[in-house]
Structures are given as structure tokens and as C-alpha cells.
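Have a look at the structure below before the remarks.
Protein chains in written order, with this note's numbering: chain A, 7 to 380; chain B, 380 to 642.
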């Protein structure tokens, strides 16, 4: 392999560009520097001498083509082997009408910032409208199918219940058990100062029945299920499967969304119930071990102090959360466009949105129920 | 033929998926500077063979030598050096969907050739132009390109490092006839200029008749016959006969013959 070079020989008349060595990718950076320097130096009548040229690849050919230009190139390639000439010609023809587009000039930072804020607000508004429209679409499809029992799709619903409900039960149970224990510890520590440790039972039961069980389960489902829905539907979208469903005269909402929504509508309340039981058991274990409240006493306190309405308030929120989580997960899936990056972005977005919606709704519901005295 | 240097030597390759045998005792050579087309019915294991050769799948038995070295036995670093001499055009392009077309081509130039980003993108533009991609597509993401454009962009990426061996998996499928013919000519030009060895999987009979030096027919789990077109055509096998002397084969032969006369 010989080191490539391009030199301008001004001793002869007219001046001569001597090209020598291997013009290959390995030497691209140095050759590029040389040729850029030379381009400013030689005049219109300069001729080129390629007789010393060694190996040539597409990278080198593009540099040569840019350095010499078409006329000079066509004059000086006679001595070259046919193959190199064809390559030079090919590269030259393609490069001729192909230059990298000029980048847009930098704009005022403040303007860009304002523009981005405006875009974000606009997108937020559009997203909200889209979500509301999508919710309506799901409810419409759901109600219409409800009246046609022969078109119920039981198998996918059951399959999704298994994935979203049964498979999630262990993690939900473990997590709420631990949180129940932690709440009991906190209650015991704080209430001990007032000599009211026995109210730990009320604390655990109230918080789990009304809030924690449903909230923790919904957040877990948002992370576990909404993301799965988005990724499933998103990769189907990227693979044009959604389009295929449409062209087959089928309704993707009915086929993909309704079974998922129904499955979550069934499994989230069930999981919430599991979470309530486990949270209270967690509290009972701590009470028994560190406060000396026996399980039997725990249960009798529970029975006498806690009304059934707390259980109902907690459970009533579960289907609402389930519907929203499933809808957001599916909608984000439909928004995916082609790339792998888009699948990731929308999966993130679906988790963030569903957790956000769940917490905001829960706060509103808590205020409402308190004011109503439920 | 014995005097030619083989850049790929596959010997006794067996590939199995569970109980399904795809290849059994398959031998194949690719010589330096030739365009070898591999043909075979759907499901005859063409793509599996390609994946075995480029090291994406380790064959269950047999040995594959590339440039005289067994890829499976090399250390990672040496293996990477050999792999840099490959250019692979996958069937569906396999462009990175989160990078623009130009970035896709510039990536190997930045990573392996050590070019600066500006140089790499400039050179990427040249490769894209060479592959026949319009300039308006250079800053687009693969998701917004047509099938033919994806093929061209993927070819540009395969050519990015000026490889010694080019692997093409159905390069002209999905291209319009004009584009497919230009593609064939481009490969021919590059082969002549760069001394490329081309391993080509194709169903395109026009490509077979216009640019290939040798054809290997994959059938009955092995290479049934490998040789120049005229030799393969005359092989006494019902599938080969049907392939080359069916209506499409005759049309392509006729087209290639008349194009040859014009030249």
C-alpha cells in the first residue's frame, strides 16, 4: 500500500496536479485536507496527471471527482484501467446533482423557546381531545357489542385477564402487604405518644380500604399493563397490522381495544380486593408482633369501627381507573409511527399519563367523598 | 477454476431447526471478484445460509472459512476486523429506524473509519447518490421512505466501508424494473472497480441473466449445482428445468439476449 498524495506541480506549463498512491477510505481525512487546500490554489488551465494512481475506492473517487471537476476528469482518465474510469464516472455523475443541503441558520433562542412552549400547550390540548374522543369511541363500541352476545370475544378477554390480572396478583399482594406493614409501623410510632396505639387498626383499615389498595394497584397496573398494551398495539401499528385489520373490514377498536379494556375492567377490581386483604393482613401482622394486638382483637375492632361504605368507596374507583389506564395504553399504541424509537417514546408516555390521571382522579375523588360524608 | 482464490469456503454445513433439517452437507465457494447468485425455492434455506456465512448463526455442523479464517474460532476483535470487510444488504433493509438515512450510512464511517462527523456525512451523501437515492430523502427517517428507497439506502450503508464481500439478500425485490436494472448495473460497476466479491440471493431472473458469473442452486438441502448460467441451465433436474425454462425464465433470457445484441 502506498501513501496517497496530491501535489501541484507549477514548474511545467500549464501547471499539473499530480495524483499518486492509493486513494482509499483509510486515508480519507488527510486526502480531504490536501484536496481542499489545493482546490483554492490551482487555476482553470491546470491539467491533472493520474498515471501514478494506485488503488481507488468510492471514497477516494468522490474526493477526486470533487477536486478535479468533470471536464478535467474526462480529459485525464485515458491512462486509467477501464474499471477505475467507470467508477470515477459513476461517482461523478451521482455527486454532480447531490450536495448536502444547507442547514437552517440558528434562530433566536427566546423565539424558539416560546414556540416550543406554544407547541407543547397545543399538543396537550390536542391529546386531551383525542383521549376524550377515544374514550367515547370505546364506550360506543362496547355498548353496541353488549347488545350482540354472539359477537362477544370471550377468548381474548380471558387471555388478557390472565396476563393483566392473574399474572400480576403475586406482585400486587407482596407490595401491598409490605406497605400495610409500613403504615402500621408508622401509626404505632406516632400514636404511641398519645397512648392510642389501638387506633393503628383503624389507620391501616381506613387507608387501605379507601385509598391505598386501589391507588397502589392502579399505579402498578399503569406501569405493568398500560406499557404492555402500548407496546403490543404499537408494534402492530409499525408492522402495518392495524392497517391490515382495517382493510379486512374489521374494527381495530373492537378487535384490539375492547378485549383489553374489558379484561382490565374485570381484573383491576379483583386485584384491588386482593390488595385490600393483603394490606390489612400486613397491618395485622405488625399489630400482632409489635403492639400486642392479637389477630382476633384486630378483627373485632375492624368489624366494630369500619363501615362497609369505606370498602365500597375504594372498590368503586377501581373500574374507573381500569378504564382510563386501558384506554390510555391502547391510544398511545395507536399513535406509534414506524420507528423503534417511537414505540419507546409512546410506551413511556402511556405510563406517565396513566399514573398522572390515576393520581389526579384519586385526589378529586377523595375530596368529593369527604365533602359528601361517604 | 482451481486457480482462483476462494474468499468464502463453506464445507459440510448442516443447519437444523429442531427436527427440521435445512442444510445437510452443503459445500459452497465464493471466489474473489465474482458475482455468485444463490437461487432456490422459498424456504430452501437461502437466507439461513447467508446468516451462517456472515456469522449470525453458527451452523450445527461444518466449517465456514472467510478469507481463509474460521469466523467461529476468532476472538472478538479479530472477528470485528473481518466483519468490517463485509457489506450486508438485508432483505428488508434493516436500517436503524431512529437515525436518518444519512446518519445510517455515516455510522460505520464514524465508528470504524474514524472520520469526523462532517466528513462522514459528506461521504455518506456520496454513497447515497451512488446508490441512486434522491437528495430529498437524505434527511428523512427510514419510516417515511418507500420500499425501493429503503433498499437503496441499505445498499449505501452496505457499501459504506468499501467492503471486500457484498452480501445481498434479494436486492431487487420490490424495485421498479428501471430501478432494478440500474441496481444491477451499479453492482456490476462496483464489482469491476473495487474487485468486490458479491454473494447474491435473488429471485430476479433478469438479474441472473445480466450480471451473475456463477449460479448456485439450493435444493434438497444442499447445493445441487454451482456453475456458470449455461451449465446450470442444462442440469437435468425438474426444478431447475422449470425455473429456467418456465415462461418467466424464457422471457428473461430473451430480454437479456436482445439487450446483449444492442450493446
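Beta carbons are placed, not taken as given, at the ideal position from N, Cα and C, and that holds for glycine. Here the structure is a predicted model, which is why all the values come from computation and not from measurement.
- Using beta-carbon distances, residue 57 of chain A does not count as an interface residue toward chain B, since no partner is under 8 Å.
- Under the three-pair Cβ rule at 8 Å, the segment 353 to 368 of chain A counts as touching the segment 334 to 343 of chain A.
- In the three-state scheme derived from DSSP, where H, G and I count as helix and E and B as strand, residue 402 of chain B is classed as strand.
- Boundaries cannot be given for residue 158 of chain A, as no beta strand (DSSP E) includes it and DSSP labels it neither H nor E.
- Approximately 18 Å separates the beta-carbon atoms of residue 175 of chain A and residue 235 of chain A; this is outside 8 Å, ruling out the contact.
- In the structure shown, residue 29 of chain A falls within a strand segment according to DSSP collapsed to helix, strand and coil.
- Under the DSSP assignment, residue 284 of chain A falls in the alpha helix (DSSP H) whose first and last residues are 264 to 292.
- With fewer than 16 other CB atoms across the displayed protein chains lying within 10 angstroms of its CB, residue 202 of chain A is exposed.
- The continuous alpha helix (DSSP H) containing residue 368 of chain A extends over residues 346 to 378.
- Per the DSSP secondary-structure output, residue 13 of chain A pairs in a beta bridge with A:24.
- In the three-state scheme derived from DSSP, where H, G and I count as helix and E and B as strand, residue 585 of chain B is classed as helix.
- Secondary structure note for residue 189 of chain A: it is in no beta strand (DSSP E), and the uninterrupted alpha helix (DSSP H) holding it is 175 to 198.
- Along the segment 27 to 56 of chain A, going in chain order, the ones with a CB nearer than 9 Å to a CB of chain B are 30, 31, 32, 34, 35 and 38.
- For residue 496 of chain B, the CB contacts under 8 Å within the same chain, skipping 5 residues up- and downstream, are 485 and 489 in chain order.
- Taking the C-beta atoms as reference points, residue 45 of chain A is found nearer than 8 Å to residue 73 of chain A.
- Looking at the DSSP output, residue 387 of chain B bridges to B:409 and B:445.
- Taking a C-beta cut-off of 8 Å against chain B, none of the residues of the segment 110 to 132 of chain A qualify.
- Pairing residue 67 of chain A with residue 406 of chain B, the inter-Cα distance amounts to about 37 Å.
- Sequence-ordered contacts of the segment 520 to 531 of chain B with chain A read 520, 521, 522 and 523 [C-beta pairs closer than 8 Å].
- Nearest neighbour of residue 572 of chain B by Cα position, chosen from A:246, A:297 and A:60, turns out to be A:60.
- Residue pairing by DSSP puts residue 55 of chain A in a beta bridge opposite A:24.
- For the pair residue 35 of chain A and residue 53 of chain A, the Cα-to-Cα distance works out to about 24 Å.
- DSSP, reduced to helix, strand and coil, places residue 597 of chain B within a strand of the structure shown.
- Between residue 281 of chain A and residue 178 of chain A, the C-beta spacing is below 8 Å.
- Listed in chain order, the non-local C-beta contacts of residue 30 of chain A below 6 Å within the same chain comprise 61, 63 and 66, local neighbours out to five positions each way being set aside.
- Put simply, the segment 241 to 256 of chain A does not touch the segment 319 to 330 of chain A. Fewer than three CB pairs are less than 8 Å apart.
- Where residue 210 of chain A is concerned, the enclosing alpha helix (DSSP H) starts and stops at 206 to 213.
- Residue pairing of residue 395 of chain B in beta bridges, as defined by DSSP: B:400.
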